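Take the sequence shown: its letter number 13 is residue 13 in our numbering, and every next letter is one higher.
Where a beta carbon is used, it is the ideal one built from N, C-alpha and C, also for glycine.
The model shown is predicted, which means the values in this text are computed figures rather than measured ones.
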Amino acid sequence: MARQDGKRSSQGMRNLRSAGWDAAKFTGRTTEKAAVGLARWATTDHSGMGKAFENMPSMGFIETIQYALMVIVFAMVGILAHVAGVMLTIGWCYLLVIYGIPFLLTGEF
């Protein structure tokens with residue numbers, strides 16, 4: 001009987017090791033997929049600068065530099081407009097919390 005108990009515990013250890021190995025493989029695969037997806041996203045041209053350069057007509061060196069600077073300026077203006085919108089939203093939320101919630105809690109409608 002002692003020998004049979006030894007076989008059972010050995011088989012249980014094998015199942016435990018197998019389950020641990022399966023979990024490690026799953027974790028490795030999932031981590032790899034996440035890292036590859038993040039790398040693909042990070043290397044994507046989100047600004048559209050590559051497409052702008054592909055579509056631009058053939059020009060000389062100075063005209064190309066001027067075109068690139070113009071695209072960069074437009075991108076910066078867009079970013080500033082976005083930041084201004086975010087700041088305005090934060091301001092509205094601040095006013096809502098500071099004045100709106102106490103007004104609603106006091107019940108002085």
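{"Check": "Separation of Trp21 from Met1, as counted between CA atoms", "Outcome": "Low per-residue confidence applies at Met1: pLDDT is 45, beneath 50, and the placement is therefore not dependable, though the value from the model is reported in the following sentence. Near 30 angstroms, if we compare the C-alpha coordinates of Trp21 and Met1."}
{"Check": "Endpoints, alpha helix (DSSP H) assigned at Val83", "Outcome": "61-95"}
{"Check": "Meets three-Cβ-pair contact criterion under 8 angstroms: the stretch 67-78 and the stretch 42-56", "Outcome": "yes"}
{"Check": "For Ser18, three-class secondary structure by DSSP", "Outcome": "helix"}
{"Check": "Residues near Ser18 by beta carbon distance below 6 angstroms, same chain, minus five either side", "Outcome": "none"}
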